[in-house]
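*Asks:* Questions regarding the structure given below will be posed in turn.
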Amino acid sequence: MLVPRVWSSVRPGVSKVLSRTLGGWPSGEGRRMDLSGIYPPVTTPFTATAEVDYGKLQENLHKLGTFPFRGFVVQGSNGEFPFLTSSERLEVVSRARQALPKDKLLLAGSGCESTQATVEMTVSMAHVGADAAMVVTPCYYRGRMSSAALVHHYTKVADLSPIPVVLYSVPANTGLDLPVDAVVTLSQHPNIVGIKDSGGDVTRIGLIVHKTRSQDFQVLAGSAGFLLASYAVGAVGGVCALANVLGAQVCQLERLCLTGQWEDAQKLQHRLIEPNTAVTRSFGIPGLKKTMDWFGYYGGPCRSPLQELSPAQEEALRLDFARNGWL
Numbered sequence: 003m004l005v006p007r008v009w010s011s012v013r014p015g016v017s018k019v020l021s022r023t024l025g026g027w028p029s030g031e032g033r034r035m036d037l038s039g040i041y042p043p044v045t046t047p048f049t050a051t052a053e054v055d056y057g058k059l060q061e062n063l064h065k066l067g068t069f070p071f072r073g074f075v076v077q078g079s080n081g082e083f084p085f086l087t088s089s090e091r092l093e094v095v096s097r098a099r100q101a102l103p104k105d106k107l108l109l110a111g112s113g114c115e116s117t118q119a120t121v122e123m124t125v126s127m128a129h130v131g132a133d134a135a136m137v138v139t140p141c142y143y144r145g146r147m148s149s150a151a152l153v154h155h156y157t158k159v160a161d162l163s164p165i166p167v168v169l170y171s172v173p174a175n176t177g178l179d180l181p182v183d184a185v186v187t188l189s190q191h192p193n194i195v196g197i198k199d200s201g202g203d204v205t206r207i208g209l210i211v212h213k214t215r216s217q218d219f220q221v222l223a224g225s226a227g228f229l230l231a232s233y234a235v236g237a238v239g240g241v242c243a244l245a246n247v248l249g250a251q252v253c254q255l256e257r258l259c260l261t262g263q264w265e266d267a268q269k270l271q272h273r274l275i276e277p278n279t280a281v282t283r284s285f286g287i288p289g290l291k292k293t294m295d296w297f298g299y300y301g302g303p304c305r306s307p308l309q310e311l312s313p314a315q316e317e318a319l320r321l322d323f324a325r326n327g328w329l
């Protein structure tokens, strides 16, 4: 394993960054990063004994690399990042970077509960190959996570990050939305390049696009279920769990939207809604991993306390794909 080497190599960089004043980082490089396109939020494979299977991770990435994705997200919600140690999180990023072509963007989920820990993780992930950091909203003290608190958090992270920062709002998991007024304020930061919004509220996505139109700021839809609608209101791409199993189809939907073939796009979007719901809201990561097994990837088990699907749930999952012609 590379973990000891990874940690020894990133610690000096972390210390150097944290010694800077808040205004001391020459941020702004990220404004030239184009996020447009489709990103699968890859799963973290585990062995039967619940160890991270880095070999299977790289195998999955090599297979997924045959599709015209803009890049990949690691350590997002589908990566089970809350269940990984800090060393495992960094090792996953390092192994993913090794497996991917240089022209594919690697977005790494670096969010932690404290600002200090998030800064350290962001800097460390940059050192092991991440092109951008996707930072989820801290949520344990969600009742205190006002717009002011979140703006303060993300500003400090972006000030000290050596790579561009992408905001990440996923209320289904965190219990809170990153408020629109906070997003608008943060869009003005030179090192914050966009947001992944997984809430599914297309009105909100359109409002964010509208209110940040004077900034070099990009919006990514957080699911394939509302990808067409998000493109229609100005999103530039999507981070879509379904792309882990129906990569060609999600990329096709992207092309249809970008070329204005809205009738065909609508038909395809309709066929993707039920399977997308199945691997997100209905059955979640266990459902996605089970489906990956069916489609020639390695899904495998989840890490406890996530549980495997029951036979009845597995059959319902299969029907969601079969009735739409995917199985």
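My numbering puts the first residue of the sequence shown at 3, with every later residue one more than the last.
By construction, the Cβ of each residue, glycine as well, lies at the ideal position given by its N, Cα and C atoms.
(1) Between F323 and chain D, is there a C-beta pair that is closer than 9 Å?
(2) Going by C-alpha distance, which of S200, S163, S149 is nearest A134?
(3) Do the CB positions of G227 and T139 come within less than 9 Å of each other?
(4) With distances taken from CA atoms, which of I165, D36, Q268, A52 is nearest E310?
(5) So the alpha helix (DSSP H) Y143 belongs to, where does it begin and stop?
(6) So does the segment 227 to 242 actually touch the segment 171 to 189, counting three or more Cβ pairs closer than 8 Å?
(7) Below 7 Å CB to CB, which residues in the same chain sit around L244 once its five sequence neighbours on both sides are set aside?
(8) Residues in its own chain within less than 8 Å of M35 by CB, not counting five upstream and five downstream?
(9) On the CB-based measure, 16 or more other CB atoms within 10 Å of its CB, does S126 come out buried or exposed?
(10) Suppose the cutoff is 6 Å on Cβ atoms and the five residues either side in sequence are ignored; what does the same chain contact list for Y142 look like?
(11) Determine the direct distance from the alpha carbon of V247 to that of E317, and round the result to whole angstroms.
(12) Among L260, G298, V95, T68, which one has its Cα closest to the Cα of S38?
(13) Under a three-way DSSP split, which group does V172 fall into?
(14) Locate the alpha helix (DSSP H) running through I210, then write down its first and last residues.
(15) Looking at S149 and T120, is the spacing between their C-beta atoms short of 9 Å?
(16) Using a 10 Å radius around the Cβ and a threshold of 16 neighbouring Cβ atoms, would you call G81 buried or exposed?
(17) Can you list, in chain order, the residues of its chain with a C-beta nearer than 6 Å to that of H155? Leave out the 5 residues immediately preceding and following it.
(18) Does the distance from the CB of V241 to the CB of G201 come in under 9 Å?
(19) Short of 6 Å in beta carbon distance, which residues of its chain neighbour H191, apart from the five on each side in sequence? Order them along the chain.
(20) What runs of the alpha helix (DSSP H), each 4 residues or longer, lie entirely inside the segment 227 to 256?
(21) Sorted by chain position, which residues of the same chain lie with C-beta nearer than 6 Å to A324's C-beta, five sequence neighbours on each side aside?
(22) So, under 8 Å CB-CB, F71 and Y41 are touching, yes? Tell me the CB distance rounded to an integer number of Å.
(23) Using the Cα positions of A101 and G111, report the straight-line distance between them to the nearest angstrom.
(24) What are the residues that DSSP puts in a beta bridge with V54?
(25) Please name the residue, chosen from S284, R320, D105, that lies closest to D295 on a Cα-to-Cα basis.
(26) Nearest to R97 by alpha carbon, out of H64, T68, T124, S79?
(27) Along the chain, where does the alpha helix (DSSP H) that runs through V121 open and close?
(28) Does the beta-carbon distance from T46 to V54 come in below 9 Å?
(29) Does DSSP classify A314 as helix, strand or coil?
(30) Let me check understanding here. Comparing Cα to Cα, which of S79, M136, Q60 lies closest to P103?
(31) Cα-Cα, which of Q254, N193, D199 is closest to S79?
*Replies:* For this structure:
(1) Considering every chain present, this structure includes no chain D. It has just one protein chain.
(2) Position 132 of the sequence shown, counted from the start, is the residue given in the question as residue 134. The shortest Cα separation from A134 among S200, S163, S149 belongs to S163.
(3) In the sequence shown, residue 227 corresponds to position 225, counting from 1. In the sequence shown, residue 139 corresponds to position 137, counting from 1. Against a cut-off of 9 Å, the Cβ pair of T139 and G227 comes out as no contact.
(4) Numbered from 1 along the sequence shown, position 308 holds the residue referred to as residue 310. Ranking the options by Cα distance to E310, first place goes to A52.
(5) Position 141 of the sequence shown holds residue 143. Note, Y143: premise wrong, no alpha helix (DSSP H); not H, not E.
(6) No: the two stretches stay apart, fewer than three of their Cβ pairs being nearer than 8 Å.
(7) As a first step, residue 244 must be located in the sequence shown, where it is residue number 242. A226, V252, L274, P277, N278, V281, listed in sequence order.
(8) Start at 1 with the first residue of the sequence shown, and residue 35 comes out as number 33. Within the same chain, M35 has close Cβ partners L107, D133, A134, P166, V195.
(9) Walking along the sequence shown from the start, residue 126 turns up at place 124. Buried, because 16 or more other Cβ atoms sit within 10 Å of the Cβ of S126.
(10) The residue labelled residue 142 in the question sits at position 140 within the sequence shown. Around Y142: E115.
(11) Position 315 of the sequence shown, counted from the first residue, corresponds to residue 317. Position 245 of the sequence shown, counted from the first residue, corresponds to residue 247. Cα to Cα, the separation comes out at about 17 Å.
(12) Translated into the one-based positions of the sequence shown, residue 38 becomes position 36. For the residues L260, G298, V95, T68, the minimum Cα distance to S38 belongs to L260.
(13) Counted from its first residue, the sequence shown places residue 172 at position 170. It is coil, neither helix nor strand.
(14) For the purposes of this step, residue 210 is identified with residue 208 of the sequence shown, where counting begins at 1. Note, I210: alpha helix (DSSP H), 204 to 213.
(15) Position 118 of the sequence shown, counted from the first residue, corresponds to residue 120. Position 147 of the sequence shown, counted from the first residue, corresponds to residue 149. No; because the gap between Cβ atoms is not below 9 Å, this pair is not in contact.
(16) What you label residue 81 is simply residue 79 of the sequence shown in a count that begins at 1. It counts as buried.
(17) Here residue 155 refers to the residue found at position 153 when the sequence shown is read from its first residue. Taken in chain order, the residues that qualify are T117.
(18) Residue numbering aside, residue 241 sits at position 239 when the sequence shown is read from its first letter. Residue numbering aside, residue 201 sits at position 199 when the sequence shown is read from its first letter. Inclusion of V241 and G201 in the CB contact set at 9 Å is not warranted, their separation being larger than that value.
(19) For this step, residue 191 is matched to residue 189 along the sequence shown. Hits under 6 Å: A160.
(20) 229 to 234
(21) Counted from its first residue, the sequence shown places residue 324 at position 322. Once the five neighbours on either side are set aside, A324 has no close Cβ partner at all.
(22) Looking up residue 71 in the sequence shown gives position 69. Looking up residue 41 in the sequence shown gives position 39. The pair is a contact, with the Cβ atoms about 6 Å apart (cut-off 8 Å).
(23) Here residue 101 corresponds to residue number 99 of the sequence shown, with the count starting at 1. Here residue 111 corresponds to residue number 109 of the sequence shown, with the count starting at 1. Going from the Cα of A101 to the Cα of G111 covers about 18 Å.
(24) To locate residue 54, count along the sequence shown from 1; it is residue 52. DSSP, once it has assigned bridges, lists F48 as partnering V54.
(25) If you number the sequence shown from 1, residue 295 lands on position 293. Comparing Cα positions, the closest option is R320.
(26) Locating residue 97 in the sequence shown gives position 95, counting from the first residue. The shortest Cα separation from R97 among H64, T68, T124, S79 belongs to H64.
(27) The residue labelled residue 121 in the question sits at position 119 within the sequence shown. 117 to 129 is the span of the alpha helix (DSSP H), which, as asked, contains V121.
(28) If you number the sequence shown from 1, residue 46 lands on position 44. If you number the sequence shown from 1, residue 54 lands on position 52. Closer than 9 Å, so yes.
(29) For the purposes of this step, residue 314 is taken as the residue at position 312 of the sequence shown. DSSP, reduced to helix, strand and coil, places A314 within a helical segment of the structure shown.
(30) Within the sequence shown, numbered from 1, the residue matching residue 103 stands at position 101. Cα-wise, what sits closest to P103 is Q60.
(31) By one-based count along the sequence shown, residue 79 stands at place 77. Cα-wise, what sits closest to S79 is D199.
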